[in-house]
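Below: one structure, written as structure tokens.
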Amino acid sequence: MKKLLFTVFAVVGFSAISVANNHVEVEKLKVESVVLANCMQDQAAAFDECMSNGCGYWESYFFGAGAWGTCMRG
Amino acid sequence: MINRLIAIVTFFIVFNSFAQIQNGKIEYGVSIEMIEGFKGGILEKSYTETMNNAKYLSFTLLFDKENTAFYSNEALGLGNQDVFMSKVSAGYMNEVYQNKDFSLCVVNGFGNYLLKTDAVKDWVLENETKEIEGFLCYKATSTKKVNNGKGNFVFPVIAWYCPKIPVSFGPNGYGNLPGLILELQVRNVVYGVKKIDLNLSKPPVIGKPKDYPIINQEELDEKIMTVYKNRNSTNGFIKPENKL
């Protein structure tokens, strides 16, 4: 009886840990995709702000790239 | 009579030796002011860093009678990564080779090219003068026009040139004035001379640009936009060299 109970608890325990881990992975992926999308938005916003203030394409591109890099570093 | 003759000959010898400047090496620093439209915006912080790091930049202009090369020196105290945006904001892309009619700037991002820019032809020579490093300089003004799809912008360009150094060169491809430009302001960026060496004991080796295809500003802008539009969410900043 004790062996059976131990086995049941062990299976339930491992399953719970496994589900929890999967949940964490999904959460991580969600967070990452949001960050990436926002970083592109940051890049576009920086690019546009530079252009709107009279920067050339060269300068705007690199300020956009800088904003993307800053965002990616968090 | 003989004394007067000697004085006149001596004057001409001294005058000629001073006037006949064969070559030189000029060091410039740069300062960058905040752009009003960036204040309170998303670029204020990064542009402030750009401005602060500009003081670590220095540039060298080597020239002889016909040609010149302008390039950035190693930034002391900071890595290249830290001063990169300061160079970008200073309008410096890479080394610039210049003759009387045009300049060629090496472009290593977005493919390897030489950006050809015609010499400024619409300088307005003013009477205003100021002394820079012991040289009397005259003011000349022009404008820089930027058409970037968001609008047409016109920014002031102010050059202080020195007729006593009779070469028509200056920082970052600017020139075509009756004397070397010792100070140059383009919008909010000022290149200022830090050191002047004339008639070097060893003539400077100016070199030549690599044999890259020559493009104009419009063509370069198109290439930049192509790379920018092709960015994606997993790599927002695609290294230009990898893309083209």
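Those protein sequence lines, which keep their order, are chains A and B.
Residues in the first sequence are numbered consecutively from 1, following this note's numbering.
Residues in the second sequence are numbered consecutively from 75, following this note's numbering.
Positions of the beta carbon are idealized from the N, C-alpha and C atoms, including for glycine.
Next item on the list: Per DSSP, which residues does B:I116 bridge with? Please list them.
Entry: For B:I116, which the question treats as bridged, DSSP gives no partner whatsoever.
Note to self: Can you pull the chain B neighbours of A:G56, defined as C-beta to C-beta under 7 Å?
What the structure shows: V220, N222
Item checked: Close-in-space but distant-in-sequence residues of the same chain around B:Q94 (CB under 6 Å, 5 per side omitted) -> none
Check: Between the Cα of B:K195 and the Cα atoms of B:T124, B:I100, B:P252, which residue gives the shortest distance?
Finding: B:P252
Checklist line | Residue of B:L256, B:K282, B:K224 minimising C-alpha distance to B:F209 | finding: B:L256
Next item on the list: Grab the span of the beta strand (DSSP E) containing B:D156 for me, first residue to last.
Entry: First-last for B:D156: 154-163, but that is the alpha helix (DSSP H), not the beta strand (DSSP E).
Next item on the list: Return the CA-CA distance between A:A44 and B:N182, expressed in angstroms with no decimal places.
Entry: 23 Å
Next item on the list: Within the same chain, show all residues whose beta-carbon is closer than 8 Å to that of B:V198, passing over the 5 residues directly before and after it, in chain order.
Entry: A214, T215, S216
Next item on the list: Please state whether DSSP places B:W197 in a helix, a strand or coil.
Entry: coil
Notebook entry, point to check: B:G115 to A:W68, Cα distance in whole Å?
Noted result: 16 Å
Item checked: Own chain partners of B:S120 with C-beta closer than 8 Å, once the 5 adjacent residues on each side are dropped -> M159
Notebook entry, point to check: In chain order, what residues of the same chain have a beta carbon less than 7 Å from the beta carbon of B:D156, not counting five sequence neighbours either side?
Noted result: N127
Check: Would you call B:Q172 buried or exposed, if buried means 16 or more other Cβ atoms sit within 10 Å of its Cβ?
Finding: buried
Check: Which residues, in order along the region 106-117 of chain B, keep a beta-carbon less than 7 Å from a beta-carbon of chain A?
Finding: I109, G111, F112, G115, I116, L117
Next item on the list: Name the residue from B:R261, B:K224, B:N222, B:V220 whose alpha carbon lies nearest to the alpha carbon of B:L233.
Entry: For the sequence presented, residue 233 of chain B should be read as Ala rather than Leu. Ranking the options by Cα distance to B:A233, first place goes to B:R261.
Next item on the list: Go through its chain and collect everything with a Cβ distance to B:G103's Cβ below 6 Å, but skip five positions before and after it.
Entry: S132, G266, K268
Check: Are B:S177 and B:G98 close, meaning C-beta to C-beta below 8 Å?
Finding: no
Next item on the list: Ignore the nearest five residues each way along the sequence and tell me which others in A:M72's own chain have a CB closer than 6 Å to its CB.
Entry: C39
Next item on the list: Can you tell me which of B:R305, B:N306, B:V301 puts its alpha carbon nearest to the alpha carbon of B:G185?
Entry: B:V301
Margin query: Rounded to the nearest angstrom, what separates B:Y187 and B:D295 at their Cα positions?
Written below: 12 Å
Notebook entry, point to check: Would you report the Cα separation of B:M167 and B:S275, rounded to the nearest angstrom?
Noted result: 30 Å
Next item on the list: Identify the contact partners of A:G66 in chain B, using a Cβ-Cβ distance below 8 Å as the criterion.
Entry: S120, M159
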